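Student: Numbering (our numbering), first residue to last: 108 to 728.
Built from N, CA and C at the ideal position, the CB exists for glycine as well.
Keep in mind it's a predicted model, so treat the numbers as computed, not measured.
1) With a threshold of 7 Å on Cβ separation, who are the neighbours of residue 209 within its own chain once the five nearest residues in sequence on each side are excluded?
2) For residue 391, I'd like the list of residues in its chain whose CB is within less than 8 Å of its CB, leaving aside the five on either flank, ordered along the chain.
3) Among 631, 669, 219, 623, which residue has its Cα nearest to the Cα of residue 414?
4) What's the call for residue 318, buried or exposed, on a 16-neighbour Cβ count within 10 Å?
5) Out of curiosity, what's the CA-to-CA distance linking residue 376 and residue 289?
6) Compare the C-alpha of residue 394 against each of 557, 340, 545 and name the closest.
7) Can you determine whether any heavy atom of the ligand GTP sits closer than 7 Å to the C-beta of residue 661, and answer yes or no?
8) Taking the CB atoms as reference points, tell me whether residue 458 and residue 389 lie closer together than 8 Å.
9) Count the C-beta pairs between the stretch 184-198 and the stretch 489-504 that are closer than 8 Å, then say yes if the count reaches three, no if not.
10) Leaving aside the five residues before and after residue 308 along the sequence, list all residues of the same chain whose C-beta is less than 7 Å from its C-beta, in chain order.
11) So residue 579 packs on residue 316, CB below 8 Å; how close in whole Å?
12) Near residue 443, which residues of its chain fall below 6 Å by C-beta distance, leaving aside the five closest residues on each side in sequence?
13) Mind listing, in chain order, the continuous beta strand (DSSP E) runs of no fewer than 3 residues lying wholly within the stretch 510-558?
14) Span of the alpha helix (DSSP H) holding residue 389?
15) Using C-beta distances below 6 Å, list every residue in its chain close to residue 734, excluding the 5 sequence neighbours before and after it, in chain order.
16) Residue 412 to residue 594, Cα distance in whole Å?
17) How do the stretch 713-720 and the stretch 343-357 stand: do at least 3 beta-carbon pairs fall below 8 Å, yes or no?
18) Using only alpha-carbon positions, find the residue among 369, 555, 422 that is nearest to residue 449.
19) Here's the rule I'm using: 16 or more other beta-carbon atoms within 10 Å means buried, otherwise exposed. How should residue 258 be labelled?
20) Can you have a look at residue 565 and say buried or exposed, based on whether 16 or more other CB atoms are within 10 angstroms of its CB?
21) Could you tell me how far apart the beta carbons of residue 127 and residue 161 are, in whole angstroms, since I believe they sit closer than 8 Å?
22) Output yes or no for whether 8 Å exceeds the beta carbon distance between residue 400 and residue 620.
23) Compare the C-alpha of residue 137 against each of 722, 253, 632, 358 and name the closest.
24) Rounded to the nearest angstrom, what separates residue 676 and residue 296 at their Cα positions?
25) What does DSSP give as the partner residue(s) for residue 677 in the beta ladder?
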């Protein structure tokens, strides 16, 4: 190797080392910013695994730069060419590193690193610019830190002497160039293993629920560009064995239907961590008069997970949300269509921009007669400037529209005001408790809006002939207590049934209950005769399970026990009632419990994947 070839290789290697160094700094900053989620989870394996994922991104992103730096020739001595190399290398790598900063705050909401679909805001094109402006203002420290990183990377790269470069062609120099490209390619695929490095491989290096610390956002974005997620066709058991363990086909037989109206209220970010602490006096009082599930769980971490879960009894058991997946147009027999078959009028209300989060599209797939978004709203001027119509006014519009519906009816409303940027009407500023985090004031405002809605609704003739179901779409990012930071607490939400004309539907229930249980529960409560596919169970069932999914881990609760399963093997078994922080792994000490729960979750996954893949989420009527 001649001296000029060596100097070119050293220059390129130094630049790559600078980028690798800043990836490590980024991970440290991410860890510090989200420290409460990663207490006791930082060890050498995290850094070792993290470096592997960092090198993978660096390898793929800089393949072209390896050629541009190392292909021998006299053009390499041109100062303009070398400046082009420096600035283009800087711009590309700084942009890619900067993707990490998206998840400094967003991780608190979704519990994992972002995908390509998330950062491109698919389904939120109308809201994105307003939300970005709010993000820059509310979380100013993140763009400032991003700018600091960009400046430091620039200074570090410029400090490396780039004037001693390869100036003539030799076959040896070309060989070094090609070898360097090969090395970067191997780094990019994560090594010499059969399959390139995958997102799921991060679990090898981390504790349950902490793979975001091992991963980096550029890696998860690159791995999801242009890809429609395909559920794996798993075969843990024969179909007969699987159905014997868990069969989603459910039949309901009743003599006399109880055709009450149904109003489903989905409250934005109303995680369990945000209620019963003085912020929600109305909801707290309503709980005392309702059938309340003490252990209520969401089936996803995003708003778009909640709609198919509550409406269609379809859990979110993949990295893409069901609504945004290639399976979103699968035939489903959801609540709107089921109830229409029994004479109900149906409608979906969401105060955000029409088309927001593809709710209108899924409402159509699910069989709703009508969709009411911001465009259909009639009432006083009430735009929050970023997201949609303030909850109080939209809920009043909702109540008035229901007055026009022919009974029996089924209507779903999704609130918006307790979503970032947590804007409330100017006239209510400083009226509600500020709490300790940004969301608390807007949670208190939505509670007030609910109170006004029920005050209006209670004067209407349909009120006492209605069952109200109230649930949150998901938890928020602001659970201050440690138990809301793990894979149990990240899904805990309030769920209640309130029937003002049914004094018997009152009480606090300890049984584990999830959003996908709402559909079969209504079949029982309304005493309808039907046959459905549901991955939940009725509130009258003696079953006691919950299943959700986050960051390549299936979370399965049965009674007091929680099993973490990665799709192939169990990662941990805990008694989450006596050990809410999940400190004591019981896999070795409770082998029978482990085997029983592992058998169930395997059959559940097999059934779900097969039916979703094959578009078999309905049964013949």
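Tutor: Straight from the coordinates:
1) On the chain shown, residue 209 is found 102 positions in, with the first residue counted as 1. Taken in chain order, the residues that qualify are 221, 226, 324.
2) Taking the first residue of the chain shown as position 1, residue 391 is located at position 284. So the list reads 382, 383, once near-sequence residues are dropped.
3) For the purposes of this step, residue 414 is taken as the residue at position 307 of the chain shown. Shortest Cα-Cα distance from residue 414 to any of 631, 669, 219, 623 involves 623.
4) Taking the chain shown and counting its residues from 1, the one referred to as residue 318 is at position 211. Under this definition residue 318 is a buried residue.
5) Residue mapping note: residue 376 aligns to position 269 of the chain shown, counting from 1. Residue mapping note: residue 289 aligns to position 182 of the chain shown, counting from 1. The straight-line gap from Cα to Cα measures roughly 47 Å.
6) Translated into positions along the chain shown, residue 394 becomes position 287. Measuring C-alpha to C-alpha distances from residue 394 to each of 557, 340, 545 identifies 557 as the nearest.
7) Absent from the structure shown: the ligand GTP. Ligands present: none.
8) By one-based count along the chain shown, residue 458 stands at place 351. By one-based count along the chain shown, residue 389 stands at place 282. Residue 458 places its beta carbon 8 Å or farther from that of residue 389.
9) In short, these stretches do not touch, since the Cβ pair count stays below three.
10) Looking up residue 308 in the chain shown gives position 201. Cβ neighbours of residue 308 beyond the five flanking positions: none.
11) Mapped onto the chain shown, residue 579 falls at position 472. Mapped onto the chain shown, residue 316 falls at position 209. So it is not a contact: roughly 20 Å between Cβ atoms.
12) Along the chain shown, one-based indexing puts residue 443 at 336. Excluding residues within five positions, the ones whose Cβ falls inside 6 Å are 453, 473, 474, 475.
13) If one requires a minimum length of 3 residues, the beta strand (DSSP E) runs lying completely within the stretch 510-558 are 516-521, in chain order.
14) Position 282 of the chain shown holds residue 389. Per DSSP, the unbroken alpha helix (DSSP H) holding residue 389 starts and ends at 388-395.
15) In this structure the chain extends from 108 to 728, so residue 734 is not present and cannot be described.
16) One-based indexing of the chain shown puts residue 412 at position 305. One-based indexing of the chain shown puts residue 594 at position 487. Each residue's alpha carbon lies about 16 Å from the other.
17) The stretch 713-720 makes contact with the stretch 343-357, as at least three CB pairs between them are under 8 Å.
18) As a first step, residue 449 must be located in the chain shown, where it is residue number 342. If we check each option's Cα against that of residue 449, 369 comes out closest.
19) For the purposes of this step, residue 258 is taken as residue 151 along the chain shown, with counting starting at 1. Classification for residue 258: exposed.
20) In the chain shown, residue 565 corresponds to position 458, counting from 1. When all chains shown are included, residue 565 counts as exposed.
21) As a position in the chain shown, residue 127 is number 20, starting the count at 1. As a position in the chain shown, residue 161 is number 54, starting the count at 1. Rounded, the Cβ-Cβ distance is 6 Å, consistent with contact.
22) As a working note, residue 400 is residue 293 in the chain shown. As a working note, residue 620 is residue 513 in the chain shown. In this structure, residue 620 lies closer than 8 Å to residue 400 by Cβ.
23) Along the chain shown, one-based indexing puts residue 137 at 30. Checking every option, the nearest Cα to that of residue 137 belongs to 253.
24) Locating residue 676 in the chain shown gives position 569, where the first residue counts as 1. Locating residue 296 in the chain shown gives position 189, where the first residue counts as 1. Counting only the Cα atoms, residue 296 lies some 24 Å from residue 676.
25) In the chain shown, the residue the question calls residue 677 occupies position 570. The secondary-structure analysis by DSSP pairs residue 677 across a beta bridge with 672.
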